[in-house]
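The structure under discussion appears below in the form of structure tokens.
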């Protein structure tokens, strides 16, 4: 019995005096600062321009096309205007496309599919309040009056400036 007690004490001594093989890891922590600035801004795009099909000069009806102008703002805007300039070939209050022979092909831009409300040169496509974050999409409708025009490829590309004031 004495030997069992000594062995037990010897075992206890070895356990108490022995270095720990599995010690807990040290833990250190800090914070990570995360910041962002969202600017009060708007973006303006015209993803769908006015592209007319081949114009039949013998047609007695107007040729039409539809496009869009899109505005996205980071905050709601109570007072906004979207204006359409006249293009490089405008003359006497009329928008025109031009071919390489400098022939003109007149067209109008309206805000409605029935072509009742024309947008004047430097006139408003839209005036009013805009919602935040969601795209504000404005349809534009183009119309070439019925008539006889010289053959050619007519353009007014990249020249009808769209201006957003907010």
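Residue numbers (my numbering): 1 to 166.
Ideal Cβ positions, reconstructed from N, Cα and C, are used throughout, including at glycine.
Given the structure is predicted, the values throughout are model-derived calculations rather than measurements.
Check                                                                                                               : Outcome
The region 124-137 in contact with the region 55-66 per 3-pair CB rule at 8 Å                                       : no
Range of the contiguous beta strand (DSSP E) that encloses residue 128                                              : 123-130
Straight-line gap, residue 132 to residue 126 (C-alpha atoms, nearest Å)                                            : 16 Å
Buried versus exposed call for residue 89 [16 or more other C-beta atoms within 10 Å across all chains shown]       : buried
Residue of 164, 149 and 157 minimising C-alpha distance to residue 60                                               : 149
Top-ranked residue by Cα proximity to residue 84, from 93, 78 and 77                                                : 93
Given residue 213 as reference, the closest of 76, 102, 57 and 162 once Cα atoms are compared                       : Nothing about residue 213 can be read from this structure; the chain reaches only from 1 to 166.
Beta strand (DSSP E) runs wholly inside the region 59-110, at least 3 long, in chain order                          : 63-73, 77-84, 95-98 and 104-110
Cα-Cα separation between residue 38 and residue 29, rounded to whole angstroms                                      : 29 Å
Inter-stretch contact at 8 Å, needing at least 3 Cβ pairs: the region 97-112 / the region 71-80                     : no
Cα-Cα separation, residue 40 to residue 156                                                                         : 32 Å
Nearest candidate by alpha-carbon position, reference residue 164, set 123, 145 and 31                              : 123
Anticipated Cβ contact below 8 Å, residue 160 with residue 82, distance rounded                                     : So it is not a contact: roughly 12 Å between Cβ atoms.
Coil, strand or helix - residue 135 by DSSP                                                                         : coil
Cβ-based burial, residue 153 [other Cβ within 10 Å; buried from 16]                                                 : exposed
Sequence-distant residues of the same chain with beta carbon closer than 6 Å to residue 110, five excluded per side : 117, 118 and 141
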